[in-house]
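Let me begin by presenting the structure, written as structure tokens, before commenting on it.
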Amino acid sequence: MKNDALSLRLAVTAAIACLSLAACTGTRTGRLPMATSFGFDRDLAPVQVWTLENANARVRVSDHGATLVSFETKDRDGNMADIVLGFDSVTGYQSKDNQYFGCTTGRIANRIEGATFVVDGVRYDLDANDGRNQLHGGGTRSLDKVLWSLVGRGDDSAGPWVEFGYKSRDGEEGYPGNVDFLVRYRLRPDGALEIRSRAATDRLTPIALTNHAYWNLDGAGSGTILGHRLRIPASEYTPTDDELIPSGDIAPVAGTPLDFRVETKIGARIAELESTPARGYDHNYVIAGGGKTLIEVARLYSPASGRELVVESDQKGLQFYSGNWLHDQLGKDGRHYVKNGALCLEPQAFPNSVNEPNFDSILVHPDEEYTQTIVYRVGVRR
469 MKNDALSLRL AVTAAIACLS LAACTGTRTG RLPMATSFGF DRDLAPVQVW TLENANARVR
529 VSDHGATLVS FETKDRDGNM ADIVLGFDSV TGYQSKDNQY FGCTTGRIAN RIEGATFVVD
589 GVRYDLDAND GRNQLHGGGT RSLDKVLWSL VGRGDDSAGP WVEFGYKSRD GEEGYPGNVD
649 FLVRYRLRPD GALEIRSRAA TDRLTPIALT NHAYWNLDGA GSGTILGHRL RIPASEYTPT
709 DDELIPSGDI APVAGTPLDF RVETKIGARI AELESTPARG YDHNYVIAGG GKTLIEVARL
769 YSPASGRELV VESDQKGLQF YSGNWLHDQL GKDGRHYVKN GALCLEPQAF PNSVNEPNFD
829 SILVHPDEEY TQTIVYRVGV RR
């Protein structure tokens, strides 16, 4: 894997050095995804949004945070709607109303207890942004808050794609090592969206990414997802404390509101969790057979629109979050995002794995390449 990791570092280095779009266009067969202005970031750098489309779907992604901005697809009657939360420009993503909408999260997704960890006997103190803990990679320079570079774009037999790269410097948000990240979004001919993430480091360091899309299959801003029906093929989950840090134990979902092994209405049992620290669903599921190959990790269905979302992943964990902290913020097209107005299905390594000996290691060596693949398949159930 050493040559692959080196090639990845070189690819991102070249992308960062690109001074013109023409130098970074990549594959040129077919119709290339096109970019439009998405505003300017806090450093007054131009931010863009790229459109991938075919007969089945239309997707927009931004170089700010390597973010999924929109996902338009048809319902059972053939009507198009955008089914992920987001904002009309980068200004919204830089505001307090942004709750990681559609972004690439990292260097480590989810929570790190005490915002600290030890690698090879050295303690690293991170930026704490969730009480005393760190959430989704930190505060000002986490992957969702920085401007990525365009590495390539294309449209081939597997569908249109864009790829973003970012070089995270040693010490950024407290993490060790210079790490080169690549995230490729591809819209497949059947309308499925594939997100492939890669990373290479020059020092031993923990890496664990995810995508943080918020889904409402009736359309973003159309009300709550409590009537959606969900299936998660997991018989176990990782219990947490009052700060939502895993205890290190693995517990059965049987007999709890967390049991979605059979398709169940999300609102059926959520009230049982309202008085917990999570205020609803915000739990990591242990996916049976996960972590080896790409498998189905969740299936979501809306009886109202007929849309069905199938999530596939190669990760061992899946965070199901029911939008408990949405607070009626104003999103795209003047729509409001109410509490439980969308949900997240985040394929991931187990939270706090870097500090928990009972969980699989997320350390990446300099001669290794980190990879992760997520596929979102959206169709219609008749």
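Position 39 (the sequence shown) corresponds to 507 in this note's numbering; numbering is contiguous.
Think of the CB as a built atom: it goes at the ideal place given N, C-alpha and C, for glycine as much as any other residue.
Computed from a prediction, not measured in an experiment: that's the story for all the values here.
Nonlocal neighbours in the same chain, by C-beta distance under 6 Å from GLY847, ignoring five residues either side: Translated into positions along the sequence shown, residue 847 becomes position 379. Excluding positions up to five away in sequence, the list reads GLU776.
Same chain, Cβ closer than 8 Å to LEU478, five either side skipped, listed in chain order: Working through the sequence shown from its first residue, we reach residue 478 at position 10. Because LEU478 sits at a pLDDT of 48, beneath the cut-off of 50, its placement in the model cannot be relied upon, and the following sentence gives the value as read from the coordinates. Answer for LEU478: no residue qualifies.
Residue interval of the beta strand (DSSP E) (run including VAL586): Taking the sequence shown and counting its residues from 1, one reaches residue 586 at position 118. Per DSSP, the unbroken beta strand (DSSP E) holding VAL586 starts and ends at 584 to 587.
C-alpha distance - THR839 paired with THR732, whole-angstrom precision: Position 371 of the sequence shown, counted from the first residue, corresponds to residue 839. Position 264 of the sequence shown, counted from the first residue, corresponds to residue 732. Distance from the CA atom of THR839 to the CA atom of THR732, rounded to whole angstroms, is 32 Å.
Start and end residues, beta strand (DSSP E) containing THR440: The question about residue 440 has no answer, for the chain in this structure spans 469 to 850.
TRP793 burial status per 10 Å Cβ neighbour count (16 or more: buried): The count along the sequence shown starts at 1 and reaches residue 793 at position 325. TRP793 is exposed by the Cβ-count criterion.
Bridge partners - SER618, DSSP secondary structure assignment: Here residue 618 refers to the residue found at position 150 of the sequence shown. Here residue 618 is Leu; the residue named in the question, Ser, does not match the sequence. Paired residue(s): PHE632.
Neighbour-count burial assignment, SER636, 16 or more Cβ in a 10 Å radius: Taking the first residue of the sequence shown as position 1, residue 636 is located at position 168. It is buried - the Cβ of SER636 has at least 16 other Cβ atoms within 10 Å.
Residues bridged to VAL558 [DSSP beta-bridge criterion]: In the sequence shown, the residue the question calls residue 558 occupies position 90. Looking at the DSSP assignment, VAL558 forms no beta bridge with any residue, so it has no partner.
CA-to-CA distance, ASP595 to GLY639, given in whole angstroms: Position 171 of the sequence shown, counted from the first residue, corresponds to residue 639. Position 127 of the sequence shown, counted from the first residue, corresponds to residue 595. Taking the straight line joining both Cα atoms gives about 11 Å.
Close beta carbons around PRO819, own chain, < 6 Å, minus the five adjacent residues each side: Numbered from its first residue, the sequence shown carries residue 819 at position 351. The answer, listed in chain order, is ASN578, ARG579, PRO714, ASN752.
Proximity to ARG767 [Cα-Cα], best of ILE842, GLY560, LEU698: Here the question's residue 767 lines up with position 299 in the sequence shown. When only C-alpha atoms are compared, the closest one is LEU698.
First through last residue of the beta strand (DSSP E) which encompasses ASP648: Position 180 of the sequence shown, counted from the first residue, corresponds to residue 648. Taken as a continuous stretch (DSSP letters only), the beta strand (DSSP E) holding ASP648 covers 647 to 655.
Identity of the residue in GLU837, VAL843, ARG850 nearest PHE649 by Cα: One-based indexing of the sequence shown puts residue 649 at position 181. Among GLU837, VAL843, ARG850, the Cα nearest to that of PHE649 is on GLU837.
Strand pairing of SER665, partner residues [DSSP]: On the sequence shown, position 197 is the one that residue 665 refers to. Answer is VAL651, GLN840.
Own chain partners of GLY791 with C-beta closer than 6 Å, once the 5 adjacent residues on each side are dropped: Here residue 791 refers to the residue found at position 323 of the sequence shown. If we look at GLY791 and ignore the five residues flanking it on each side, its Cβ neighbours are ASN808, GLY809, ALA810, LEU811.
Nearest-angstrom Cβ-Cβ length linking GLY659 and ASN547, presumed shorter than 8 Å: For this step, residue 659 is matched to residue 191 along the sequence shown. For this step, residue 547 is matched to residue 79 along the sequence shown. The Cβ separation is near 15 Å, so there is no contact.
ALA583 versus ARG544: straight-line alpha-carbon distance, rounded: By one-based count along the sequence shown, residue 583 stands at place 115. By one-based count along the sequence shown, residue 544 stands at place 76. Their Cα atoms are separated by approximately 46 Å.
Identity of the residues DSSP links to ILE869 by a beta bridge: This structure cannot settle anything about residue 869, because the visible part of the chain is limited to 469 through 850.
DSSP beta-bridge partners of PRO714: To locate residue 714, count along the sequence shown from 1; it is residue 246. THR708, per the DSSP bridge assignment.
Coarse secondary structure for GLY627, derived from DSSP in three states: The sequence position of residue 627 within the sequence shown is 159, counting from 1. DSSP, read as helix, strand or coil, puts GLY627 in strand.
DSSP three-state assignment for VAL846, whether helix, strand or coil: Position 378 of the sequence shown, counting from 1, holds the residue named residue 846. Three-state DSSP puts VAL846 in a strand.
Opposing strand residues paired with PRO815 [DSSP bridges]: The sequence position of residue 815 within the sequence shown is 347, counting from 1. PRO815 pairs with LEU786.
Cβ pair count under 8 Å reaching 3, the segment 667 to 687 against the segment 734 to 751: no
Rounded straight-line distance, which links the Cα of ALA668 to that of ASP593: The count along the sequence shown starts at 1 and reaches residue 593 at position 125. The count along the sequence shown starts at 1 and reaches residue 668 at position 200. The alpha-carbon atoms of ASP593 and ALA668 are separated by roughly 22 Å.
Backbone secondary structure at ILE763 - three-state DSSP: Along the sequence shown, one-based indexing puts residue 763 at 295. ILE763 falls in the strand class under three-state DSSP.
Beta-carbon proximity of ALA702 to ILE755, cut-off 8 Å: What you label residue 702 is simply residue 234 of the sequence shown in a count that begins at 1. What you label residue 755 is simply residue 287 of the sequence shown in a count that begins at 1. Yes; because the gap between Cβ atoms is below 8 Å, this pair is in contact.
Rounded C-alpha distance that separates GLY691 from TYR805: Position 223 of the sequence shown, counted from the start, is the residue given in the question as residue 691. Position 337 of the sequence shown, counted from the start, is the residue given in the question as residue 805. One C-alpha to the other measures close to 8 Å.
For TYR805: DSSP bridge partner residues: Locating residue 805 in the sequence shown gives position 337, where the first residue counts as 1. For TYR805, which the question treats as bridged, DSSP gives the partners GLN797.
Limits of the beta strand (DSSP E) - the one that ASP550 falls within: Here residue 550 refers to the residue found at position 82 when the sequence shown is read from its first residue. It spans 548 to 550 - the beta strand (DSSP E) in which ASP550 sits, taken as one unbroken run.
Helix, strand or coil at GLU641 according to DSSP, with G and I counted as helix: As a position in the sequence shown, residue 641 is number 173, starting the count at 1. In this structure, GLU641 counts as helix in the three-state DSSP scheme.
Beta-carbon separation (whole angstroms), GLY695 vs ALA549, contact threshold 8 Å: Position 227 of the sequence shown, counted from the start, is the residue given in the question as residue 695. Position 81 of the sequence shown, counted from the start, is the residue given in the question as residue 549. Between ALA549 and GLY695 the Cβ distance is about 16 Å, and since that is not below 8 Å, they are no contact.
Top-ranked residue by Cα proximity to GLY554, from GLY507, THR504, THR572, ALA681: Residue numbering aside, residue 554 sits at position 86 when the sequence shown is read from its first letter. The residue with the shortest Cα to Cα distance from GLY554 is ALA681.
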